[in-house]
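Asker:
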Amino acid sequence: MQFFLKHINIGIDYIELILSYTLNQIRENDRIEIEKMLKSHLNPALGGNLMNSLAHSWKQEGIEEGRKKEKITMAKEMKKEGLSLEAIMKITKLDKKDIEKLHDYITCCK
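At position 21 of the sequence shown the residue is numbered 20 (numbering that gives the first Met the number 0), and the sequence of numbers has no breaks.
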């Protein structure tokens, strides 16, 4: 029995990983529909654990997205103040491509 339970848990972890990846790649409206479907078709114990894990994943994704937006806002201000690309990269930890996009935006939309 212990062997069987161990393999079930491995399978659940694998399913959770696949769902987390998939759900991170789709739109918010689709996420809500998939969440409803999972809640209604999974047994309560498995469904509850899976939904908690997905909710945590989505929360982390939102936090990371908010942090990046804040860095972009800071980078825009730094660029307007004339800081070099290298200085902005060092301070914000944004990559060169993101900052160059901001430069294009700022110069076209002044």
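Glycine is no exception: its CB is placed at the ideal position from the N, C-alpha and C atoms.
So is K96 in contact with chain C if we call contact Cβ pairs under 9 Å?
Answerer: Looking for chain C here will not work: only one protein chain is present.
Asker: Out of curiosity, what's the CA-to-CA distance linking K100 and M36?
Answerer: Against the sequence shown, residue 100 aligns to sequence position 101. Against the sequence shown, residue 36 aligns to sequence position 37. Each residue's Cα considered, the two are about 39 Å apart.
Asker: Is the stretch 63–74 touching the stretch 89–100, taking contact as three or more C-beta pairs under 8 Å?
Answerer: A contact exists between the stretch 63–74 and the stretch 89–100.
Asker: According to DSSP, is D94 part of a helix, a strand, or is it coil?
Answerer: Position 95 of the sequence shown, counted from the start, is the residue given in the question as residue 94. Coil at D94, not helix or strand.
Asker: Just to confirm, are I98 and K78 a CB contact at a threshold of 9 Å?
Answerer: Along the sequence shown, one-based indexing puts residue 98 at 99. Along the sequence shown, one-based indexing puts residue 78 at 79. Their beta carbons are under 9 Å apart, which means I98 touches K78 by this criterion.
Asker: Just the Cα atoms here: how many angstroms apart are Q59 and L82?
Answerer: Counted from its first residue, the sequence shown places residue 59 at position 60. Counted from its first residue, the sequence shown places residue 82 at position 83. For Q59 and L82, the distance between alpha carbons rounds to 31 Å.
Asker: In whole angstroms, what separates the C-alpha of D29 from that of L84?
Answerer: Counted from its first residue, the sequence shown places residue 29 at position 30. Counted from its first residue, the sequence shown places residue 84 at position 85. Roughly 38 Å separates the two Cα atoms.
Asker: Please state the DSSP three-state secondary structure of G81.
Answerer: As a first step, residue 81 is located in the sequence shown; it is residue number 82 there, counting from the start. Coil.
Asker: Please name the residue in R66, E76 and I31 whose C-alpha comes closest to that of L53.
Answerer: What you label residue 53 is simply residue 54 of the sequence shown in a count that begins at 1. Nearest of R66, E76 and I31 to L53, Cα basis: I31.
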